[in-house]
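Each residue of the sequence shown is one higher than the last, beginning at 1 in full-length UniProt numbering. Take a look at the structure set out below.
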Amino acid sequence: MTTRPVTTDDAGIPAPSDDHSLSVGPNGPLLLQDHYLIQKMAHFNRERVPERVVHAKGGGAHGVLRITEDVSQFTKAKLFRKGTETPLFLRFSTVAGELGSADTARDPRGFAIRFYTEDGNYDIVGNNTPIFFIRDPQKFSDFIHSQKRRADNHLRDHNMQWDFWTLSPESAHQVTFLMTDRGTPATWRHMHGFGSHTFLWYNAAGERYWVKYHFKTEQGIRNLTTAEAAALQSADPDHHTRDLYDAIRRGDHPSWTVNVQIMPFEAAAGYRFNPFDLTKVWPHSDYPEITIGRFTLDRNPDNYFAEVEQAGFEPSNLVPGIGASPDKMLQGRLFSYPDAHRYRIGPNYLQLPINQPRNAVHSYNADGPMAYRNPQDPVYAPNSAGGPVAAPSLYEGENYDVTGEIIRSAYVLHAEDDDYGQPRALWENVLSETDREHLVGNIVGHASAPEVTADMKKRVVEYWDNIHKDLGQGVARGLGLT
Ligand code: NDP
Ligand code: HEM
């Protein structure tokens, strides 16, 4: 017979009982001196950290990135050197639902990857779509409020959602994507991921490029119809979480190829679309995708709370060779995520194992709640005591000229910038006949919710009419407005 370990409290002290509290006689009141009971109850009350304000429901897994092509002419980032293998953690999520919500809801899916590189954490915090609903962070909280719950009855409200979308024409491309069957992926394994933003790459000579990331599923794309997604919402609300966990457990490790589109730095100004506008893709005819490697997910978390719930991804985690672009949304996100983690997890969230970089940390930040990394002397910079020194030369290439009036304004339009051209290309050139039928049906179903007013339905038809007359007509017919 194997000997079982003795239960202890969190201080390692052997527990007096797994069953009984300390009482005055078997039927009497309990005693304050039962420290073991009090620790258990008090700790239980503190088991939750706040759920993420968006992307609350999700799951994740560990894996590895392998780079197969030489891209050193574009970036000196060590993780992208040919032959390099980098451990990673990837978290998938829905956006609007709460922690216990159903995985198969119509929503973009988060696709957040942390690479534990030699130069520290590099996070690409993307979605399963290459674009987004808005192009200025000023509108993010308003957008999210419109997708979450009303103030009065605490209900999700499709009228509110369409109100925001139809008043925000820049949402047209992303809402088109969302209303196709790709808005309800069959599993997380059967969808692509995208870095979505444009990022800066620079090489060892300090030469600069703009880059977009595409992670293409090697399992193939598989989606659910609205009816299938709805059935799974009641049959198995955790369908995607379970699917990923089970696949990895049975050794069926999902993988994605890593593709990039690369634009010469100087080409941005004269490009036909604003290359930093997050509501736009770069058409492949202009910038084809280049495969540079692939990654595989091969290990489930041992502890969901420690590894998935406490994971704190940050678009601001950029390593030498990679920088930010002037995409206003990216700029907003550089602030937002570390700020969210300091609130949600605590100011020393980077000391938790899932967030801790795998290279040595020599930071002059010190102390604070739950600090356990041992700050070493000297505790200040500059110092003459042999402490760590910064390495500005690693960032040569990140710099570029920007001038202009300080202003609140839309992006300056490029030749072909409008809100409807790219979703129109999706409708006209990419979607199959079946995809189009499903798109119309999905929109009609969504806008037929009882709370959507007659006036709002007219605005919904106008919205789709702007993208394509056939699409507008299909929606009008479905809503009984013709
Ligand atoms: P391409 O024909 O070269 O590319 C079309 C892209 O759409 C491919 O990446 C394809 O890849 C993807 N796609 C195919 N079916 C669907 C679908 N049902 N829903 C969403 N995406 C789908 O044309 P362009 O590059 O000129 O782009 C045309 C339009 O395609 C864009 O306006 C945009 O709406 C959409 N698109 C473009 C992407 C880009 O980065 N250029 C990326 C994704 C979509 P796959 O089947 O592997 O997903
Ligand atoms: C999560 C803010 C746009 C993808 C979050 C969180 C915040 C946030 C505060 C919760 C973080 C946490 O508590 O851990 C913002 C703001 C945006 C924005 C202010 C725009 C200005 C985007 C865009 C994408 C995106 C454009 C994708 C391209 C994600 C993902 C997560 C997330 C994937 C979940 C990360 C995880 O798995 O932990 N966002 N977001 N967000 N966001 Fe955004």
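No residue lacks a Cβ here, since even glycine has one placed at the ideal position from N, Cα and C. All values reported here derive from a predicted model rather than from experimental measurement.
So, helix, strand or coil for asparagine 128, using DSSP? Your numbering for residue 128 matches position 128 in the sequence shown. Here asparagine 128 carries a coil assignment [DSSP, helix/strand/coil].
C-alpha gap between phenylalanine 313 and valine 53, whole angstroms: Taking the first residue of the sequence shown as position 1, residue 313 is located at position 313. Taking the first residue of the sequence shown as position 1, residue 53 is located at position 53. If I take the Cα positions, the gap works out to 14 Å.
Please tell me whether leucine 200 and arginine 189 are closer than 8 Å, where the distance is taken between their beta carbons. Here residue 200 is taken as the residue at index 200 of the sequence shown, counted from 1. Here residue 189 is taken as the residue at index 189 of the sequence shown, counted from 1. No; because the gap between Cβ atoms is not below 8 Å, this pair is not in contact.
Member of Leu439, Leu22, Ala112, Pro87 whose CA lies at the smallest distance from the CA of arginine 66: Counting from one through the sequence shown, the residue named residue 66 turns up at place 66. In terms of CA proximity to arginine 66, Pro87 leads the group Leu439, Leu22, Ala112, Pro87.
Is it the case that the stretch 308-323 contacts the stretch 266-284, given that we only count it when at least three CB pairs across the two stretches are under 8 Å? By the C-beta criterion, the stretch 266-284 is judged not to be in contact with the stretch 308-323, since fewer than 3 inter-stretch pairs fall below 8 Å.
For arginine 249, which option in Thr291, His239, Asn300, Ile290 has the closest C-alpha, if you only look at C-alpha atoms? Sequence index remark: in the sequence shown, residue 249 carries index 249 (1-based). Per the Cα distances, Asn300.
Following the continuous beta strand (DSSP E) through proline 87, name the residue where it begins and the one where it ends. Translated into the one-based positions of the sequence shown, residue 87 becomes position 87. Annotation: the continuous beta strand (DSSP E) that includes proline 87 extends over 85-94.
Within the present structure, is the beta-carbon of lysine 216 separated from the nearest heavy atom of ligand 1 by less than 7 Å? In the sequence shown, counting from the first residue as 1, residue 216 sits at position 216. At least one heavy atom of ligand 1 sits closer than 7 Å to the Cβ of lysine 216.
Is it buried or exposed, glutamine 161, if we count other Cβ atoms within 10 angstroms and call 16 or more buried? Numbered from its first residue, the sequence shown carries residue 161 at position 161. Flag for glutamine 161 reads buried.
7 Å CB neighbourhood of serine 325 in its chain, flanking five on each side removed: Numbered from 1 along the sequence shown, position 325 holds the residue referred to as residue 325. Residues His197, Thr198, Phe199, Leu200, Trp210, Phe276 of the same chain have their beta carbon placed closer than 7 Å to that of serine 325, with the five preceding and five following residues left out of the count.
Range of the contiguous beta strand (DSSP E) that encloses tryptophan 256: Counting from 1 along the sequence shown, the entry for residue 256 is found at position 256. Start and end: 255-264.
Using CA atoms only, rank isn't needed, just tell me which of Val361, Asn274, Pro5 is closest to alanine 415. To locate residue 415, count along the sequence shown from 1; it is residue 415. Residue Asn274 is the option with its Cα nearest to alanine 415.
If you run the structure through DSSP and keep just helix, strand and coil, what is threonine 7? Walking along the sequence shown from the start, residue 7 turns up at place 7. Judged by DSSP in its simplified three-state form, threonine 7 adopts coil rather than helix or strand.
Chain C within 8 Å of aspartate 367, Cβ atoms only: The question asks about chain C, but that chain is absent: this structure has only one protein chain.
Starting from arginine 114, trace the beta strand (DSSP E) both ways and give me its first and last residue. On the sequence shown, residue 114 is found 114 positions in, with the first residue counted as 1. For arginine 114, the enclosing beta strand (DSSP E) starts and ends at 109-117.
Taking the alpha-carbon positions, what's the glutamine 219 to alanine 186 distance? As a position in the sequence shown, residue 219 is number 219, starting the count at 1. As a position in the sequence shown, residue 186 is number 186, starting the count at 1. In this structure, the CA atom of glutamine 219 is about 11 Å from the CA atom of alanine 186.
Out of Gly60, Val319, Lys469, which one is the CA nearest neighbour of tyrosine 395? Position 395 of the sequence shown, counting from 1, holds the residue named residue 395. The shortest C-alpha separation from tyrosine 395 is found at Val319.
In whole angstroms, what is the alpha-carbon distance linking valine 125 and glutamate 98? What you label residue 125 is simply residue 125 of the sequence shown in a count that begins at 1. What you label residue 98 is simply residue 98 of the sequence shown in a count that begins at 1. Distance between the alpha carbons of valine 125 and glutamate 98: 19 Å.
Work out the CA separation of arginine 477 and alanine 457 for me, nearest whole Å. Stepping through the sequence shown from its first residue, residue 457 is reached at position 457. Stepping through the sequence shown from its first residue, residue 477 is reached at position 477. The question names alanine, but residue 457 in the sequence shown is lysine. Approximately 11 Å between the Cα atoms of the pair.
First and last residue of the alpha helix (DSSP H) that includes glycine 478? What you label residue 478 is simply residue 478 of the sequence shown in a count that begins at 1. From DSSP, the alpha helix (DSSP H) with glycine 478 extends over 469-478.
Tyrosine 419 vs proline 169 beta-carbon contact at 8 Å: Residue numbering aside, residue 419 sits at position 419 when the sequence shown is read from its first letter. Residue numbering aside, residue 169 sits at position 169 when the sequence shown is read from its first letter. Here residue 419 is aspartate; the residue named in the question, tyrosine, does not match the sequence. For the pair aspartate 419 and proline 169, the CB atoms are nearer than the 8 Å cut-off.
Tell me whether methionine 263, by its Cβ, gets closer than 7 Å to a heavy atom of ligand 2. One-based indexing of the sequence shown puts residue 263 at position 263. Not one heavy atom of ligand 2 falls within 7 Å of the beta-carbon of methionine 263.
Simplified DSSP state of serine 23, which is helix, strand or coil: Here residue 23 refers to the residue found at position 23 of the sequence shown. Annotated three-state conformation of serine 23 is strand, per DSSP.
Please tell me whether, using a cut-off of 7 Å, the distance from the CB of proline 169 to the nearest non-hydrogen atom of ligand 1 is below it. As a position in the sequence shown, residue 169 is number 169, starting the count at 1. The answer is no for proline 169.
Mapping DSSP to helix, strand and coil, what is valine 64? Your numbering for residue 64 matches position 64 in the sequence shown. It is a strand residue.
Span separating the alpha-carbon of alanine 385 from that of glycine 346: Numbered from its first residue, the sequence shown carries residue 385 at position 385. Numbered from its first residue, the sequence shown carries residue 346 at position 346. Our two residues, alanine 385 and glycine 346, have alpha carbons roughly 31 Å apart in a direct line.
Does the beta-carbon of tyrosine 287 have 16 or more other beta-carbons within 10 angstroms, so that it is buried, or is it exposed? One-based indexing of the sequence shown puts residue 287 at position 287. Result: buried.
Look up asparagine 301 in the DSSP assignment and say whether it is helix, strand or coil. Here residue 301 refers to the residue found at position 301 of the sequence shown. At residue 301 the sequence reads proline, which differs from the asparagine that was named. Proline 301 falls in the coil class under three-state DSSP.
Does tryptophan 188 come out as helix, strand or coil in the three-state DSSP assignment? Sequence index remark: in the sequence shown, residue 188 carries index 188 (1-based). Three-state DSSP puts tryptophan 188 in coil, outside helix and strand.
Does the beta-carbon of arginine 182, which I'm using as the reference point, lie nearer than 7 Å to any heavy atom of ligand 1? Position 182 of the sequence shown, counting from 1, holds the residue named residue 182. Arginine 182 Cβ: within cutoff of ligand 1.
Classify alanine 11: buried if its beta carbon has 16 or more other beta carbons within 10 angstroms, exposed otherwise. On the sequence shown, position 11 is the one that residue 11 refers to. Alanine 11 counts as exposed, since fewer than 16 other C-beta atoms from the protein chains shown sit within 10 angstroms of its C-beta.
Distance, aspartate 327 Cα to serine 363 Cα: To locate residue 363, count along the sequence shown from 1; it is residue 363. To locate residue 327, count along the sequence shown from 1; it is residue 327. Answer to the nearest angstrom: the Cα atoms are 29 Å apart.
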